[in-house]
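Chemist: Mind having a look at this structure? Questions to follow.
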Amino acid sequence: MQVAIIISSALGLPALHALAAQGAVASVAVPLLPQADEAEQLVQVATTLGLPVVRLQRPGLGAALAEWLTPLAATAVLVFTFPWRIPAAVLALPAHGFLNFHFAALPGYRGPEPLFWQIRNGETAGAVTVHRMSADFDTGPVLLAEPVPIGPADTHGLHRARLAAQAAPVARRLLASLCGEAQALVPQPQQEAQAHYWPRATLADVCVRWTDSSPAIDRLVRAANPWNRGALTTLRGQLLRLLGVTPHPAAATGPVPPGTVLHADATAGLWVACGTGEALRLDMVALDEGYFSGMQLIGLGIQPGEVLGDFSEILPTQA
């Protein structure tokens, strides 16, 4: 038994390698997207594995998919992060349909970028969820859901790597079930009462509000690292990206405005007031000049009493 694979993200590469090693992949399709570098990497990997590759475009997608699938006789199409809606008639072509790997728990984290929101919201676990694709995004019945822990220091990039690694054994388990070597998976309808759709993060979503608590800012910073090169604030009117911070909810900073630099020395580090009497230490930041530790930023002359700007001070053209 063989499957076809649609892949548009490196999240699916470990699973692609695992299934190709079993001789289970008939062909691979990679969409033509603006992020050409990643797409070309996916094509190169599939070609190196000896797999035939086709490229997909949004115009004429349904006809192109049907033309691709008809001679393959693949029993299912496994999908790893596909951005376009697939016509219902095409979804019905394979015997087991199109099975999407969604890298978050369903139905609570529907949408194109659930990793950001899960970390920002303080979730302690994500998931690799396999569901049968339907007319609407992320709504089809779930066949498999494998939890993946989110550690208290996990960044978006680290959790993404864990999800990608976990997708490989999930794909092998799915394949074993489809070909009858393991117990059949029973599709479970999603509970619409628990459903929530999370859109792509906007500029405002990735900007630091110094009135937020230190744990909330820490979650935002980790959720925006590395895909947005961190959470956004300003220093002396210049864009400053926060990539790593240490929260201190019980700092007892006194009546200073949120965003005020409290300490800037080699002993204490670089501490900034936030929330209501809280503080956090800046551990890793980025400026136009490069990446700096908090200690290196102190070396640029930042002084106690300076105030880091709120998100409203950041020009959209700078992000």
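Letter by letter, the sequence shown follows residues -20 to -1, 1 to 299 of mature numbering (1 follows the signal peptide of the UniProt record, and there is no 0).
Built from N, CA and C at the ideal position, the CB exists for glycine as well.
Are the beta-carbon atoms of residue 58 and residue 151 separated by less than 8 Å?
Modeler: Yes, they are a contact pair.
Chemist: Identify, in the order they occur along the chain, each residue of the same chain with its Cβ nearer than 7 Å to the Cβ of residue 31, setting aside the five sequence neighbours on each side.
Modeler: -1, 5, 7, 8, listed in sequence order.
Chemist: What is the residue span of the beta strand (DSSP E) that residue -14 lies within?
Modeler: From DSSP, the beta strand (DSSP E) with residue -14 extends over -18 to -14.
Chemist: Candidates -6, -20, -16: which alpha carbon is nearest residue 146's?
Modeler: When only C-alpha atoms are compared, the closest one is -6.
Chemist: So what does DSSP say about residue 305, is it helix, strand or coil?
Modeler: Nothing can be reported for residue 305, as the shown portion of the chain is limited to -20 through 299.
Chemist: Looking only at C-alpha atoms, which of 231, 43, 94, 25 sits nearest to residue 105?
Modeler: Nearest C-alpha to residue 105: 94.
Chemist: Please report the straight-line C-alpha distance between residue 117 and residue 211, rounded to a whole angstrom.
Modeler: Taking the straight line joining both Cα atoms gives about 28 Å.
Chemist: Is residue 127 near residue 169, with beta carbons less than 8 Å apart?
Modeler: Not in contact: residue 127 and residue 169 (Cβ atoms no closer than 8 Å).
Chemist: So what does DSSP say about residue 85, is it helix, strand or coil?
Modeler: Residue state, collapsed to three classes: coil.
Chemist: Do residue 157 and residue 254 have their C-beta atoms closer together than 8 Å?
Modeler: Going by C-beta atoms, residue 157 is not nearer than 8 Å to residue 254.
Chemist: So, for residue -20: in the same chain, excluding its five sequence neighbours on each side, which residues have a beta-carbon less than 8 Å away from its beta-carbon?
Modeler: Once the five neighbours on either side are set aside, the close Cβ partners of residue -20 are 4, 55, 155, 158, 159.
Chemist: Quick one: Cα of residue -12 to Cα of residue 245, how far?
Modeler: Whole-angstrom Cα-Cα distance: 42 Å.
Chemist: Which ranges does the alpha helix (DSSP H) cover as unbroken runs of at least 4 residues, wholly within the region 25 to 103, from first to last along the chain?
Modeler: Fully enclosed alpha helix (DSSP H) runs of 4 or longer: 41 to 49, 68 to 71, 94 to 100.
Chemist: Can residue 92 and residue 221 be called in contact, C-beta distance under 8 Å?
Modeler: No, they are not a contact pair.
Chemist: Pull up the distance between the alpha-carbon of residue 204 and that of residue 260, whole angstroms please.
Modeler: Distance between the alpha carbons of residue 204 and residue 260 is about 17 Å.
Chemist: Which two residues bound the contiguous beta strand (DSSP E) that contains residue 201?
Modeler: Per DSSP, residue 201 belongs to no beta strand (DSSP E); it is in the alpha helix (DSSP H), 194 to 203.
Chemist: When burial is assigned at 16 or more other CB atoms within 10 Å of the CB, is residue 109 buried or exposed?
Modeler: With 16 or more Cβ atoms within 10 Å of its Cβ, residue 109 is classed as buried.
Chemist: Provide the residue span of the beta strand (DSSP E) that contains residue 264, from first to last.
Modeler: Start and end: 258 to 267.
Chemist: How big is the Cα-Cα spacing for residue 230 and residue 271?
Modeler: Distance between the alpha carbons of residue 230 and residue 271: 29 Å.
Chemist: With a cut-off of 8 Å on the beta carbons, I'd call residue -10 and residue 140 a contact; round off their distance for me.
Modeler: Confirmed, Cβ separation roughly 7 Å.
Chemist: Taking the alpha carbon of residue 189 as the point to measure from, which residue in 206, 161, 238, 167 has its own alpha carbon closest?
Modeler: The shortest C-alpha separation from residue 189 is found at 238.
Chemist: Is it buried or exposed, residue 82, if we count other Cβ atoms within 10 angstroms and call 16 or more buried?
Modeler: Buried: at least 16 other Cβ atoms inside 10 Å.
Chemist: My assumption, with CB atoms under 8 Å, is that residue 200 sits in contact with residue 266. Please give the rounded CB distance.
Modeler: Actually they do not touch by this definition, with Cβ atoms about 15 Å apart.
Chemist: Could you say which of 257, 284, 125 lies nearest to residue 192 if we only look at CA atoms?
Modeler: It is 257.
Chemist: Might you give, ordered along the chain, the residues of its own chain that have their beta carbon closer than 8 Å to the beta carbon of residue 99, omitting 5 neighbours on each side?
Modeler: If we look at residue 99 and ignore the five residues flanking it on each side, its Cβ neighbours are 130, 134, 135, 136, 139, 199, 202, 203.
Chemist: Tell me where the beta strand (DSSP E) around residue 11 begins and ends.
Modeler: 5 to 11 is the extent of the beta strand (DSSP E) around residue 11.
Chemist: Count Cβ pairs between the region 65 to 79 and the region 36 to 52 that sit closer than 8 Å; are there 3 or more?
Modeler: They touch, by the three-pair rule.
Chemist: Mind checking residue 283: buried by the 16 CB within 10 Å criterion, or exposed?
Modeler: Residue 283 comes out exposed.
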